[in-house]
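Undergrad:
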């Protein structure tokens, strides 16, 4: 039997060794498999970064072209965007050329070097033009700022010159001066057009810059000639005071234009270069977009060619699967061997169990004198435990007999105490019932207080709403009065302008009256000359008389118009005064309405405070009601508990009586066990 056990042990050791070797091989294959997958995952991540950078290069090439065009057009924000796009392109291109230490990305592989060289050439030319635009940022922005200011100044020059032309026409100035002033307005428009052409940067920009310089110089010379006179240009000095005041304002406005001439002429060549660089960038961006697309395609092809690297992973996976199959076969064989050994052991154990059952058969009849045999089989431990349990059971039965007598004596004393406790509990329940009734009455009173407080709170909230509505009405009234005041003021302005217009009509009527007087004098002179001419001037005398009558009628009509105009002016002044008084009354009414609004706001605030206080009282009353209800419920619970305690005490007394009966039954139940004699126990 010993040799059989030794052979089985050697066979088990050999199986375990095979399983260990196969497990080691499986771990090695799995580690190699994970290493292969990690390598492929790393390369796939690199390919993803390559493709991502190449895709961003395509987007950035178009963004650079867009921002370059906007920067050349004078948009300040475009320069910052152009610089960011350039730096971003340079950074990503550096990642592709030299790698990215932050992410561990290596430089682009040699298989895409041709595409990299093509992108590098276009990028260098694009970078050169981009740097040229960024270096001219201040010049471009300054020139566009000057142009924007000119766009505001030149129209003002034209307006002022049109006013000068009107003044010269009204004052009867020489036609040459009027024509010169009109040409100045046209010249200002040509100056603005030349500046816009320079900013456009087309093929006519250089000629426009030269024309701008000439027109600005000519404009300044004519302006100075009209103010001070210029015999060389045959420009006479303007004598009219109003016209000279307008010309002085024009001279102040033109100072900015004359000061900008040199700046525009000096910086326009640089602006032309910026426009040219923007055009070059636009052309190069298309080529760079195509080259970046080819580069992205190269990276995508490189990523697609890595599928062959997965074959090694499949081989390692098959080897790992084979190792698992071999481990399973060895483990099945070892399991079968262990099953055979277990069957033999179970047969030996079955015989030992039957022998043990025969020895303890009398124990089921209450014979505690039984002792089981302790052998080397696995039942030997069980037999030893059974012997120990029998010894403990002997002590337990003896203790139960002793304790049952003691319990019977204690039960009688406890039953008397429980009956006394039941009587005390009944008295306590009566007292608690009376206290609960008083608390319920108090809770009803507090509930009534809470209801009254809630009704008062609702009334206070209603007063708050009424005050709030009154405040809104006052605000609307103030707003309406403000609108009335604005309309009255606007009407007053219109009436004032009507008075001014009537004044101008009066001036015109005075001029007509003067003309009628002059005509009358001329008619008298003509009549005198006709009378001196004799018969030859008789027909002319008739005409002179008719002209004189017409002049007198014109003078009379003029005086009537003058009387009407004065009446209109008087009515207009009275209307203006009435409007101003009405405006004052409206403002006073608005102030009174505003004071009423302030008073209503104070009433609203006091009402809100009162509502809050009443609400606090209501909440406190509700809390008191809730607390009283809870106390009442608690007293009811205590009353129930006391009643239950009384019932429990009575039940306890009954249970104690039952316990005495159970102690007697317990003594009778253990009387069936057979205990060894005292002498035998001592010997044991």
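Numbering (UniProt numbering), first residue to last: 1 to 684.
Even for Gly, the Cβ is constructed at its ideal location relative to N, Cα and C.
Small disclaimer: the values here were computed from a predicted structure and weren't measured.
1. With 16 other CB atoms within 10 Å as the buried threshold, where does residue 301 fall?
2. Any contact between the stretch 78 to 89 and the stretch 148 to 167? By contact I mean 3 or more CB pairs, one from each, below 8 angstroms.
3. Look at the Cβ atom of residue 728, then the Cβ atom of residue 22, and state whether they are nearer than 8 angstroms.
4. Under the three-state reduction of DSSP, which class applies to residue 284: helix, strand or coil?
5. Tell me which same chain residues have a C-beta within less than 6 angstroms of the C-beta of residue 65, skipping the five on either side of it?
6. Taking C-alpha atoms, which residue in 251, 164 and 209 lies nearest to residue 243?
7. With a Cβ-Cβ cutoff of 8 angstroms, do residue 583 and residue 488 count as a contact?
8. Confirm, please, whether the CB-CB distance from residue 247 to residue 223 is below 8 angstroms.
9. Measuring only the C-alpha atoms, how far is residue 166 from residue 180?
10. Quick check on the DSSP output: the alpha helix (DSSP H) that includes residue 142 runs from which residue to which?
11. Among 99, 546, 396 and 506, which has the Cα closest to the Cα of residue 524?
12. Along the chain, where does the alpha helix (DSSP H) containing residue 83 start, and where does it finish?
13. How would you label residue 682, buried or exposed, when you count the other beta carbons within 10 angstroms and need 16 or more for buried?
14. Roughly how many whole angstroms lie between the Cα atoms of residue 552 and residue 542?
15. Take residue 56 and list the residues in its own chain whose beta-carbon comes closer than 6 angstroms to its own, dropping the five residues that flank it on each side.
16. Please state whether the Cβ-Cβ distance between residue 611 and residue 472 is less than 8 angstroms.
17. Answer yes or no: do residue 122 and residue 291 have a C-beta to C-beta separation smaller than 8 angstroms?
18. Per DSSP, residue 685 is paired with what?
19. Per DSSP, what are the beta-bridge partners of residue 105 in this structure?
20. Compute the distance between the beta-carbons of residue 71 and residue 275, then report whether it is under 8 angstroms.
21. Beta-carbon within less than 6 angstroms of residue 594's beta-carbon, same chain only, minus the 5 sequence neighbours each way: which residues are those?
22. If residue 604 sits next to residue 464, beta carbons under 8 angstroms apart, how far is it from one beta carbon to the other, in whole angstroms?
23. Indicate whether residue 457 and residue 618 have their beta-carbon atoms separated by less than 8 angstroms.
24. Just how far apart, CA to CA, sit residue 448 and residue 591?
25. Does DSSP put residue 375 in a helix, in a strand, or in coil?
26. Can you tell me whether residue 697 is buried or exposed? The criterion is at least 16 other CB atoms within 10 Å of its CB, across all chains shown.
27. Counting only the same chain and skipping the five closest in sequence on each side, list residues whose C-beta sits under 8 angstroms from that of residue 1.
28. What is the DSSP secondary structure of residue 369, counted as helix, strand or coil?
29. For residue 440, which residues from the same chain have a beta carbon less than 7 angstroms from its beta carbon, with the 5 sequence-adjacent residues on both sides left out?
30. Pick helix, strand or coil for residue 174, following the three-state DSSP scheme.
31. In or out: residue 427 buried (at least 16 other Cβ within 10 Å) or exposed?
32. Give me, in chain order, the residues of the same chain whose beta-carbon lies closer than 6 angstroms to that of residue 526; leave out the 5 immediate sequence neighbours on both sides.
33. Apply the 10 Å Cβ neighbour rule to residue 31 and answer buried if 16 or more other Cβ atoms are within range, or exposed otherwise.
34. Which word fits residue 521, buried or exposed, when buried means at least 16 other C-beta atoms lie within 10 angstroms of its C-beta?
35. Is it a yes or a no for the stretch 187 to 199 touching the stretch 211 to 222, going by three-plus beta-carbon pairs under 8 angstroms?
36. Quick check: residue 296 and residue 51, are their CB atoms within less than 8 angstroms of each other?
TA: Here's the rundown:
1. exposed
2. no
3. Nothing about residue 728 can be read from this structure; the chain reaches only from 1 to 684.
4. helix
5. 281, 282 and 285
6. 164
7. yes
8. yes
9. 13 angstroms
10. 137 to 170
11. 546
12. 76 to 98
13. Confidence at residue 682 is low in this model, with a pLDDT of 48, below 50, so its placement is unreliable and the value that follows should be read with caution. Classification of residue 682: exposed, given that the 10 Å Cβ count is below 16.
14. Rounded to the nearest angstrom, the two C-alpha atoms are 15 angstroms apart.
15. 92
16. no
17. Taking 8 angstroms as the Cβ cut-off, residue 122 and residue 291 qualify as a contacting pair.
18. With the chain running from 1 to 684 in the structure shown, residue 685 is simply not present.
19. 100
20. no
21. Hits under 6 angstroms: 478.
22. 6 angstroms
23. yes
24. Taking the Cα positions, residue 448 is about 47 angstroms away from residue 591.
25. coil
26. Outside the displayed range of the chain (1 to 684) lies residue 697, so it cannot be described from this structure.
27. Note that residue 1 scores a pLDDT of 48, beneath 50, so its modelled location is shaky; the value from the coordinates is reported in the next line. The answer is none, since no qualifying residue turns up.
28. coil
29. 632
30. coil
31. exposed
32. 544
33. Classification of residue 31: exposed, given that the 10 Å Cβ count is below 16.
34. exposed
35. yes
36. yes
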